[in-house]
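Visitor:
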Amino acid sequence: MVLPPTRNRRALTLIELLTVISIIVVLGALLFPVLGSVKRKSLAAKCTSNLRQVGSAILLYAGENNGVLPAPAATNPNKVWFEAVWSYLTPDAFDFTKPNSLVCPVWLDYVRNKTPPEPATGWNRIGYGMSYVMVGSPTKGWAPNSGASGGPQTDYAVRLTQLERPSEVIMVADEFGWNWGVHSQNYLSGDYFKASSGTTRGLRHGTGANFLFVDGRVQQLTK
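If you're matching positions, the sequence shown starts at 150 in this note's numbering and goes up one per residue.
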């Protein structure tokens with residue numbers, strides 16, 4: 150009679166099981182920062198791509214408007230800058246709820262996770278601001294004497310030909326804050342890296358933010 154082969158199996162001891170679990174935990178701890186870094190770089194790259202598309206849209210708008218850039222600030226009856234360039238970014242009707250190049254992926258995470266929570270809808274979705282100082286009036290967002298005697302306010306915008314050294318002029322950047330009762334996603338003002346300016350929450354790529362220059366270049370600048 151032939152006996153079946155025996156199987157010599159030994160169950161894992163508790164110590165061995167704990168050792169395996171410890172190794173897995175250590176490996177996870179080592180990999181987590183790496184994976185987090187990869188994700189952050191991916192989101193920053195997406196943001197850079199968004200700004201390049203925004204830059205192209207703004208220049209297309211200027212090309213069809215005698216070289217005049219869209220004004221940074223919201224006006225009545227004029228459109229805020231991102232409304233003006235919307236049709237150059239997407240064929241869809243103006244709708245904040247749809248993902249597009251005006252939405253920084255890191256910004257959406259911020260508004261969803263902030264305390265207290267803030268819905269990532271409406272203007273809260275727009276994570277970029279147009280330079281109020283550089284491509285608008287240095288001291289005001291309205292043209293001289295506009296809005297007088299209850300009349301409509303006229304936005305102050307400039308022509309591309311008025312801007313010297315376009316490679317050094319910031320046009321759009323990561324932004325968040327409140328100024329004059331409107332979201333600063335409309336415009337940038339003051340010293341970007343001063344906490345008092347309300348813009349430092351735009352530093353969402355590590356310690357820096359992405360900046361779009363008039364010549365179409367996008368660069369990350371740090372404090």
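A virtual CB, placed ideally from N, CA and C, is assigned to each residue, including glycine. Quick caveat, the model's predicted, so the values are computed rather than measured.
Using DSSP with H/G/I as helix, E/B as strand and the rest coil, what is Val229?
Guide: Sequence index remark: in the sequence shown, residue 229 carries index 80 (1-based). When DSSP states are grouped into helix, strand and coil, Val229 belongs to the coil group.
Visitor: Indicate the three-state DSSP secondary structure (helix, strand or coil) for Gly355 in the structure shown.
Guide: For this step, residue 355 is matched to residue 206 along the sequence shown. In the displayed model, Gly355 falls within coil according to three-state DSSP, outside both helix and strand.
Visitor: Can you give the Cα-Cα distance for Val217 and Leu192, rounded to whole angstroms?
Guide: Stepping through the sequence shown from its first residue, residue 217 is reached at position 68. Stepping through the sequence shown from its first residue, residue 192 is reached at position 43. Spanning the two alpha carbons is a distance of roughly 31 Å.
Visitor: What is the DSSP secondary structure of Thr162, counted as helix, strand or coil?
Guide: For this step, residue 162 is matched to residue 13 along the sequence shown. Assigned with DSSP and collapsed to three states, Thr162 falls in coil, not helix or strand.
Visitor: Between the Cα of Val363 and the Cα atoms of Gly355, Val255, His354, Thr310, which residue gives the shortest distance?
Guide: For the purposes of this step, residue 363 is identified with residue 214 of the sequence shown, where counting begins at 1. Ranking Gly355, Val255, His354, Thr310 by Cα distance to Val363 puts Thr310 first.
Visitor: Whose C-alpha, out of Arg366, Ala306, Ile207, Gly276, is nearest the C-alpha of Glu324?
Guide: Against the sequence shown, residue 324 aligns to sequence position 175. Measuring C-alpha to C-alpha distances from Glu324 to each of Arg366, Ala306, Ile207, Gly276 identifies Gly276 as the nearest.
Visitor: Should Gly204 go down as buried or exposed, given a rule of 16 or more other Cβ atoms within 10 Å for buried?
Guide: Residue numbering aside, residue 204 sits at position 55 when the sequence shown is read from its first letter. Burial call: buried.
Visitor: Assuming Pro219 contacts Ile207 (C-beta within less than 8 Å), just tell me the rounded distance between them.
Guide: Position 70 of the sequence shown, counting from 1, holds the residue named residue 219. Position 58 of the sequence shown, counting from 1, holds the residue named residue 207. Indeed, because the Cβ distance is near 7 Å, the residues count as touching under 8 Å.
Visitor: Can you pull the DSSP bridge partners for Asp323?
Guide: Here the question's residue 323 lines up with position 174 in the sequence shown. Beta-bridge pairing links Asp323 to Tyr277.
Visitor: In whole angstroms, what is the alpha-carbon distance linking Val307 and His354?
Guide: Within the sequence shown, the letter at position 158 stands for residue 307. Within the sequence shown, the letter at position 205 stands for residue 354. Distance between the alpha carbons of Val307 and His354: 30 Å.
Visitor: Using the Cβ count rule (16 or more neighbours within 10 Å means buried), how would you classify Val137?
Guide: In the structure displayed, the chain extends from 150 to 372; residue 137 sits before or after that span and is not available.
Visitor: Mind checking which residues open and close the beta strand (DSSP E) that includes Gln311?
Guide: Counting from 1 along the sequence shown, the entry for residue 311 is found at position 162. It is not in any beta strand (DSSP E) - Gln311 carries neither H nor E in the DSSP assignment.
Visitor: DSSP beta-bridge partners for Leu209?
Guide: By 1-based counting over the sequence shown, the position of residue 209 is 60. In DSSP, Leu209 forms no bridge with anything.
Visitor: Rounded to whole angstroms, what's the CA-CA distance from Ser198 to Ser250? Just pull it up for me.
Guide: Residue mapping note: residue 198 aligns to position 49 of the sequence shown, counting from 1. Residue mapping note: residue 250 aligns to position 101 of the sequence shown, counting from 1. Rounded to whole angstroms, Ser198 to Ser250 spans 8 Å at the Cα level.
Visitor: Suppose you measure from the CA of Leu352 to the CA of Thr239; what does that come to, to the nearest Å?
Guide: In the sequence shown, residue 352 corresponds to position 203, counting from 1. In the sequence shown, residue 239 corresponds to position 90, counting from 1. Near 27 Å, if we compare the C-alpha coordinates of Thr239 and Leu352.
Visitor: For the putative contact between Leu200 and Leu312, defined by C-beta atoms under 8 Å, what is the C-beta separation to the nearest angstrom?
Guide: In the sequence shown, counting from the first residue as 1, residue 200 sits at position 51. In the sequence shown, counting from the first residue as 1, residue 312 sits at position 163. So it is not a contact: roughly 18 Å between Cβ atoms.
Visitor: Nearest-angstrom Cα distance between Thr371 and Lys190?
Guide: Working through the sequence shown from its first residue, we reach residue 371 at position 222. Working through the sequence shown from its first residue, we reach residue 190 at position 41. Taking the straight line from one Cα to the other gives about 15 Å.
Visitor: Taking 7 Å as the threshold (C-beta atoms), are Met279 and Val321 in contact?
Guide: Within the sequence shown, the letter at position 172 stands for residue 321. Within the sequence shown, the letter at position 130 stands for residue 279. The answer is yes: Cβ separation under 7 Å.
Visitor: Checking the sheet assignment: what are the DSSP bridge partners for Leu370?
Guide: As a working mapping, residue 370 is identified with position 221 in the sequence shown. Per DSSP, Ala358.
Visitor: Between the beta-carbon of Pro377 and the beta-carbon of Lys195, is there less than 7 Å?
Guide: As shown, the chain starts at 150 and ends at 372. That puts residue 377 outside it, with no answer to give.
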